[in-house]
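So the structure is just underneath, and the comments pick up after that.
Protein chains: 2
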Amino acid sequence: MSARLTIALDAMGGDHAPDMVVGGADKARERCPDVRFLFFGDEQRIAPLLDQRPELKRIATIHHTPDWISNDAKPAVALRTGRKSSMRLAINAVSSGEAQCVVSAGNTGALMAMAKIVLKTLPGIDRPAIASVFPTQRGESIMLDLGANVECDTRNLVEFAVMGSVFARTVLGLMEPTVGLLNIGAEEVKGHESLRTAAAQLRETPLPGKFYGFIEGNDIAAGTVDVIVTDGFTGNVALKTAEGTAKLYAEFLRRTFESSLLAKIGYILARSAFKKLKQRADPRRYNGAMFLGLQGVCVKSHGGTDALGFANAICVAADLVVQGFNEKIKAELAHVGNTPVPDSSKAAAV
Amino acid sequence: MSARLTIALDAMGGDHAPDMVVGGADKARERCPDVRFLFFGDEQRIAPLLDQRPELKRIATIHHTPDWISNDAKPAVALRTGRKSSMRLAINAVSSGEAQCVVSAGNTGALMAMAKIVLKTLPGIDRPAIASVFPTQRGESIMLDLGANVECDTRNLVEFAVMGSVFARTVLGLMEPTVGLLNIGAEEVKGHESLRTAAAQLRETPLPGKFYGFIEGNDIAAGTVDVIVTDGFTGNVALKTAEGTAKLYAEFLRRTFESSLLAKIGYILARSAFKKLKQRADPRRYNGAMFLGLQGVCVKSHGGTDALGFANAICVAADLVVQGFNEKIKAELAHVGNTPVPDSSKAAAV
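Heads up: the protein sequence lines correspond to chains A and B, in order.
The first sequence begins at 54 in my numbering and counts up by one.
The second sequence begins at 54 in my numbering and counts up by one.
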């Protein structure tokens, strides 16, 4: 059972696990050829799901684990008590070389804490970041950090810029991605001190892309830059604010089409066009937050997603491995001139 | 020429000033009876605009000012060199008692700096905040701070909560408004230290509303709480991210209706329903950011707005005066037990 790519899956993480994990793997199998899956979790629940999917079963192995991490477990507790959990053993599989990447829809804080302890940060990276791709007026952009680091210093922001632009070039296929620092005004005098020093440093840093300068919140969806760099607090608020606003407008749209008979008929006529819009803006299409900066590929799926969303998270992880993202990061960091930091003990407040 | 309410207008601030300022006053006149306007700015440009509007002219006075503040002027420079500017003299009119409130669509940083120097903060308020009302799934909410204070400590956040809930009760008419602190998770352990101490303090503070706890970015548009409290950096990013996302979805909608002949016909049928949606979500309806915490009412209009938007900002200012917002804040602060701070010298980084 040799395969180009082996993916470790935390089969017990997520609201609809293990069903959507197994279902997601089955969908991902069709999109990523030559792949193998290691399912970590309750064999009694996973095996029957695989029995229903003979093609998936042929490329799947179950590693039975009696424990899993609950959604409300604190990262430190999960670290201490979750050594036999599905999440931890799935991460271990990457560290041991059994798998090339791991995907989980479980507890984000626990996943980041475990991934940092087990996989370690890349040489030259002080702190890993959570990154995600989302739709904009001009196409797609990547934003990081989305919540791994509440406080970020200049060095962290510069490293995020390097990782983000390597991603944009490697996975999004942009030759010269633009990088913006999220701030509250384009002027030099605005924002936190760390933003100003990071901007000064990024102007001198040979990025794989081009440093654009400061951007503001409205530039995110406008697609003004390809890579949006921010601290984990601001990034998390911005991402969730955008999600909430999108939901609000979807609700306004629904109410509008239901507000009169003519509007209802209008909807029926425009329905197939709206189906395409729905597909385009489908959050499942953008499911899969990447933990960048680790010696190993780890992707976090949204906990509430379904098989289609989970399949997307699997493909995000596969893409990072196949494109050799981490190797390119290492090469780029050497180029930027960062030196490895032995102390990666600063805990990220996930 | 006696009137219940006199409003000072910076006639030279904004992209389309003074036309939209005069036009906005004319529209506001119809909505706020018994009002008078003081126009500060270039008489040669304002007078002809008033000549076209005899009903407005009857309740208007022009105060000629040779100077105005440019949009890119730094607040400190504007303070030093803009003593004869339309913005400064309009603010002075509130301080002297000639007017009860001031509205400007000019440079936000300069307006806040001047308003703080001239009007001073309310006793018991350490720092004024910028606040705005916006639509949610449940109705309307108010968020503050939106950019006056990049860094906020516990005390500032608690004061914002008090001001926001007084506003929600007084102007939005909610008997027991709910107040949430914007964070990146509902758990106690998450976010900045100042958020945790503010939450602890708000649980003990007799607010005019009810403290809900932490909320996340998606709760803003969901309308989970009536008052969203945050630091000026995060609030500014969240507001602009929401604006950008709304624009993105409007653009997706436009493209969807243009994507096929059936969709185009569908739009024609649903058009009048969409007109109502457009009106509901019209940013001009929510134009008018309030500077709360000053001894005097000062409202900032969006710089790019038109007469309709500017009229809304005028009505926001009039509402604050008519509802006795500042008096209620003072009463509430006495209730909360805050003591006046003599030192209001900490400069806000607008």
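In this text, a Cβ means the ideal position worked out from N, Cα and C, and glycines have one as well.
Values in this document were obtained by computation on a predicted structure and should not be read as measured data.
- With its beta carbon at least 8 Å from every one in chain B, Asp68(A) lies outside the interface.
- In the assembly as shown, Gln105(B) is an exposed residue. Its beta-carbon has fewer than 16 other beta-carbons within 10 Å.
- Shortest Cα-Cα distance from Leu175(A) to any of Leu345(A), Thr287(A), Thr258(A), Tyr339(A) involves Leu345(A).
- Just so you know, the alpha carbons of Ile144(A) and Leu234(A) end up roughly 32 Å apart.
- Scanning its chain for C-beta atoms nearer than 6 Å, with the 5 sequence neighbours on each side dropped, one finds around Val224(B) the residues Asp372, Gln376, in chain order.
- Looking at the backbone, the Cα of Thr309(B) and that of Thr231(A) are separated by about 28 Å.
- Here the alpha carbon of Glu193(B) sits roughly 15 Å from the alpha carbon of Gln332(B).
- Boundaries for Cys85(B): no beta strand (DSSP E) harbours it, and the DSSP string shows neither H nor E there.
- Unbroken beta strand (DSSP E) runs of no fewer than 3 residues, entirely contained in the region 332–387 of chain A, are found at 342–345, 350–353, following chain order.
- Assigned with DSSP and collapsed to three states, Ser139(A) falls in helix.
- Proximity to Glu108(A) across Asp125(A), Gly76(A), Asp359(A) peaks at Gly76(A), based on C-alpha coordinates.
- By the rule that beta-carbons nearer than 8 Å mark a contact, Ser313(A) touches chain B.
- At a cut-off of 8 Å between beta carbons, Thr189(A) contacts chain B.
- Checking the DSSP bridge columns, you'll see Arg89(A) partnered with Thr59(A).
- Separation of the CB atoms of Arg141(B) and Gly135(B) is rounded to 5 Å, and the pair is thereby assigned contact status at 8 Å.
- Distances from the CA of Ile367(A) to each of Lys383(A), Val290(A), Met167(A), Arg337(A) were compared; the closest alpha carbon is that of Arg337(A).
- With distances taken between CA atoms, Lys169(A) lies nearest to Val350(A) out of Gln254(A), Val350(A), Gly67(A), Phe286(A).
- CA-CA distance, Lys263(B) to Thr277(B), rounds to 13 Å.
- As DSSP reads the structure, Ala184(B) sits in a beta bridge with Leu197(B), Met343(B).
- Ala291(A) sits in a helix when the DSSP states are folded into three classes.
- Here Glu311(A) is exposed, its C-beta having fewer than 16 other C-beta atoms within 10 Å.
- For Glu229(A), same chain residues with a beta-carbon under 6 Å away, outside a window of 5 residues either side, are Gly262, Lys263 in chain order.
- Secondary structure note for Ala221(A): it is in no beta strand (DSSP E), and the uninterrupted alpha helix (DSSP H) holding it is 207–223.
- Around the Cβ of Asp272(B), a 10 Å sphere holds 16 or more other Cβ atoms; the residue is buried.
- Cβ-Cβ separation between Leu58(B) and Asp87(B): approximately 7 Å, consistent with a contact (criterion under 8 Å).
- With a minimum length of 4 residues, the unbroken runs of alpha helix (DSSP H) contained wholly in the region 148–178 of chain A fall at 161–172.
- Nearest in C-alpha terms to Val282(B), of all of Lys317(B), Met216(B), Leu315(B), Ala342(B), is Met216(B).
- In the structure shown, the three-state DSSP call for Val282(A) is strand.
- By the CB criterion at 8 Å, Gly356(B) and Ala158(B) fall inside the cutoff.
- In chain A, no part has a C-beta under 7 Å from the C-beta of Gly233(B); the shortest such distance is about 12 Å.
- Apart from sequence neighbours up to five positions away, the residues of its chain that approach Leu292(B) with a beta-carbon distance below 6 Å are Leu199, ordered along the chain.
- Shown in chain order are the members of the region 298–310 of chain A whose Cβ falls below 9 Å from a Cβ of chain B: Thr298, Ala299, Lys300, Leu301, Tyr302, Ala303, Glu304, Phe305, Leu306, Arg308, Thr309, Phe310.
- Ala78(A) counts as buried, since at least 16 other C-beta atoms from the protein chains shown sit within 10 angstroms of its C-beta.
- For Thr231(B), the enclosing beta strand (DSSP E) begins and ends at 231–235.
- For Lys110(A), the enclosing alpha helix (DSSP H) starts and ends at 107–110.
- Of the candidates Cys205(B), Ala387(B), Phe363(B), Phe363(B) places its Cα closest to the Cα of Gly66(B).
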